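Since the structure comes first, as C-alpha cells, the remarks are kept for the end.
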Amino acid sequence: MTLELQGIGVSRGIAIGKAHILFHNQPDVREYLIPTFSIEQEVERLTNATEQAREQLKSIRAHIPANAPADVASFIDTHLLMLNDSSLTTVPIEMIRSRRCNAEWALQLQRDALINVFNEMDDPYLRTRQDDVDHVVNRIHRILSDENVADHEIPDGRLKGHIIIAEDLTPADTVLMQHQEIAAFVTEHGGATSHTTILARSLGIPAIVGVESVRRYIQDNELLIIDGETGTLIAGADDAITAEYQHRRELFEQHISSLSQYQFQPTQTRDGKSVTLLANAELPEDLSTISNAGAHGIGLYRTEFLYMNRISPPEEEEQLAAYRDVVEGMNNQPVTIRTFDLGADKTVDGGRNLSQTTINPALGLRAIRLCLNHPNMFRTQLRAILRASAFGAIKIMFPMICSVQELTQAKRMLSLCKQELDNEGLEYDHHIQTGIMVEVPASAICAEIFASQVDFLSIGTNDLIQYTLAIDRIDDQVNYLYNPLHPAVLKLIHMTLEAGKKYNIPVSMCGEMASDPRLTRLLLAMGLESFSMHPNALLEIKRIINETDLNQLPENTLQVLSTAKSHEAEMFLEQINKSNHKS
Ligand code: PEP
Ligand code: MG
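First residue of the sequence shown? That's 1021 in my numbering, and the numbers climb one at a time after it.
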C-alpha cells in the first residue's frame, strides 16, 4: 500500500532509496546519588566524556570535503566552542560536587537551565543556539551512556544511497552522512532556517524536515521516494509512481549539470538586455563560493558577522582588515558593504547590549537607527570601510532607511569621517558611492526623494515584505502569510524601480525574492536589471535570464500588480513563465 507523508521541503532534489532509521536521540537521564569518595571519579568521567566529544568533532571537522562550503566548518566550530565553554565544562562539575549527583544528571540540569534562558528570548539566532546546545549535550550523554553509536562509527559505505530518517540531525551528522554519500534525509524536527537545513542546501542533499512521527510510519530498509522541493515522502510506491519519480530525478540531475555552462557566459536576455548578477555574502569564507558562481561582484556584504561570538565590539583595524580582504579577494569587482544591521532578527553576541529589550524588536532600535544611536560604533565602521576603499571598488549601503533625516545624518557622519581621514593623511576613495536599502514601505513610497540623493538603491524584500504585510519574519505562526506576489509588495518594488529610472541610478534587489526562479521573468518585466543573491542560486537565475526574450512576454504582464486575488496572480505568473520558451 502506498503511504504519502508531507513535510517541509527544504533542499531541492528527488531521491529514491532504502530507509535507514536513526533512533539515538534524547537519552533517558536519571539522577542518582554519588558516594563522597567517588565524586572526583564522577568528575573525571564527565571531563573524559567531554574531551572525547571534542575529539569526535575535531575528527569530523578534519573529514570535511575540501570543496564543502564554509558554513560546514563554521557550524562544527560552533559546537566545538560550546564544548569549551565554562557553562558546559565548569558548571556541571560544580553541580556534581555540590549535589553529589551523577554526571548525566548534572549535564542535564545545566542543559535545561541553558534552554530556559534561550526560551525566554525570542529570536531565530538564539533558537538555533538552543538546538546546538541539545546536539552538543546529547553527544556527551551518548558517550557517558556508552551508547556511543555515533554515525561516524557506521562502517563506510553502509549508508550509501540510503535515505536517512531521524528525529533530528546535527550539522556534524550531516557532514558525516554526506561523506557516506547518503541519498537524502528526512527529520521529524527542524525548520527552513535551521543550521542542518542550510547545510543540506549548501551540500546539495535533498531534504525534508518537520515530518511528524516519521520514524513510526517507516520501516528500516523500506524503499522510499522523497521530493525535497515539495516536501513529499512516499513509501510503498507502485511501479508507475517509481518510474515517474525516476524520470523527474533524471530531469533534475540533467538540469543541475547543465547549469555549469552558464558560469562564464555573459548575463543577457535573448533580446540583448544586459543584467547584473551579484552575490550576497555573510561571512568572509563565502568568497570562495562566490568566485565559482560567476557573480559580477558582491551586492550585499552583511557585516553583522563581525559582532558574532564575542563580547567587545570590533575595532577599526580589525574591520579594515576584514573589508580589505573581501575587496581584494574580489579582484576589483565592486563590493557593496552594508553598515551594521544589528538588532531584531540579527541580535548577535557582541551587539546584544547595544539595544535594550523592546516589545517589538522588528519595529525597534535596529539597523541604521541603532548606528545613529551609537555614533562611535558607526564612526568606527565608516572609517574602516572608507579606508578599505583605497584597496578596491567599495560602495556603502545604509540599511532600513525610513526618512530623509536619517539619510542626512548618516551622510553627515560619513563626511566627518572623510574629513578625519583627510586630516590624518589616510587614503580612501574620494568618489565612494553611497546608497540605501529600500526595505520599509516608507522608503519605497518616497523612492524618488531618496533616488535624488543617493548613488544607488537596493530593494531588501525580506524586510519590505515583513513591514508591508505586517508579518514578523521570525514568527513561525504567521510565516504562511509571506507573499511576494501581493500587489502591495509588487507595487512598492515597481515604484522603486521607476524612481531609479527617473533619476538614472541603478536599482538592485538583494532579498530572497531575487533568487526565486519563478519570479525572475516578472522582475525583469518590471524593469529590474540587477539581482543579488546567495551564490548557490546564481546560475539558475542566469539561465532563466539568458533564456528570456523580453519582447515575448505577455502584453498584460504588469496587470499582476493590480490583482488582489492570489489565484489570478499565480495565473499571470504562469503565463509569464510559459510565454518564453527557448525556440
Ligand atoms: C532584506 O531585508 O531583504 C535583506 C536583504 O536584508 P536582511 O535579510 O539581511 O535583513
Ligand atoms: Mg533587511
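From the three backbone atoms N, C-alpha and C, an ideal C-beta is built for every residue, glycine too. A quick note: this is a predicted structure, and the numbers were derived from the prediction, not measured.
Taking all protein chains in view, the Cβ of residue 1226 is crowded by 16 or more other Cβ atoms within 10 Å, so the residue is classified as buried. DSSP places residue 1589 outside any beta strand (DSSP E); the residue lies instead in the alpha helix (DSSP H), whose first and last residues are 1586–1598. DSSP places residue 1293 in no alpha helix (DSSP H); its state is neither H nor E.
In terms of CA proximity to residue 1236, 1185 leads the group 1295, 1165, 1185 and 1298.
With contacts defined by Cβ atoms closer than 8 Å, residue 1555 and residue 1310 form a contacting pair. Residue 1039 places its beta carbon less than 8 Å from that of residue 1238. For the pair residue 1210 and residue 1230, the CB atoms are nearer than the 8 Å cut-off. Residue pairing by DSSP places residue 1024 opposite 1254 in a beta bridge. The DSSP assignment places complete alpha helix (DSSP H) segments of no fewer than 4 residues inside the stretch 1494–1533 at 1507–1522, in order along the chain.
Under the 10 Å beta carbon count, residue 1194 is surrounded by 16 or more other beta carbons and is classified as buried. Look at the beta carbons and you see the stretch 1353–1364 touching the stretch 1395–1413: at least three pairs across the two are nearer than 8 Å.
Using a cutoff of 7 Å, the CB of residue 1455 does not count as near ligand 2, since none of the ligand's heavy atoms is closer than that.
Here residue 1300 is buried: its Cβ has 16 or more other Cβ atoms, across all protein chains shown, within 10 Å. The continuous alpha helix (DSSP H) containing residue 1137 extends over residues 1123–1140. Collapsing the DSSP output to three states places residue 1156 in a helix. Residue 1483 has its Cβ nearer than 7 Å to a heavy atom of ligand 2. According to DSSP, residue 1195 shares a beta bridge with no other residue.
Cα atoms of residue 1196 and residue 1386: separation of roughly 38 Å, rounded to the nearest angstrom. With 16 or more neighbouring CB atoms inside 10 Å of its own CB, residue 1322 falls in the buried class. Check the Cα spacing between residue 1063 and each of 1524, 1202 and 1124: the tightest is with 1124.
DSSP places residue 1455 inside the beta strand (DSSP E), whose first and last residues are 1453–1458. Taking the Cβ of residue 1322 as the reference point, at least one heavy atom of ligand 1 falls within a distance shorter than 7 Å. If only uninterrupted alpha helix (DSSP H) runs of at least 4 residues are considered, those enclosed by the stretch 1434–1491 are 1461–1465, 1467–1471 and 1481–1489. Contact between the stretch 1505–1523 and the stretch 1540–1551 is present: three or more C-beta pairs spanning the two stretches fall below 8 Å. Sorting 1514, 1298 and 1312 by C-alpha distance to the C-alpha of residue 1467 places 1514 at the top. Annotation for residue 1277: the continuous alpha helix (DSSP H) segment containing it runs 1259–1278.
At least one heavy atom of ligand 2 is found less than 7 Å from the C-beta of residue 1361. Residue nearest to residue 1433 within the set 1501, 1414 and 1454 is 1454 (criterion: CA-CA distance). Where residue 1205 is concerned, the enclosing beta strand (DSSP E) starts and stops at 1204–1207. In terms of Cβ geometry, residue 1339 and residue 1320 do not form a close pair [threshold 8 Å]. Beta-bridge analysis with DSSP links residue 1040 to 1184. DSSP lists 1417 as the beta-bridge partner residues of residue 1358.
Between residue 1099 and residue 1220, the beta carbon gap of about 17 Å keeps them out of contact (Cβ cut-off 8 Å). In this chain, residue 1411 is not harboured by any beta strand (DSSP E), its DSSP state being neither H nor E. Bounds of any beta strand (DSSP E) do not take in residue 1308; it lies within the alpha helix (DSSP H) bounded by 1306–1312.
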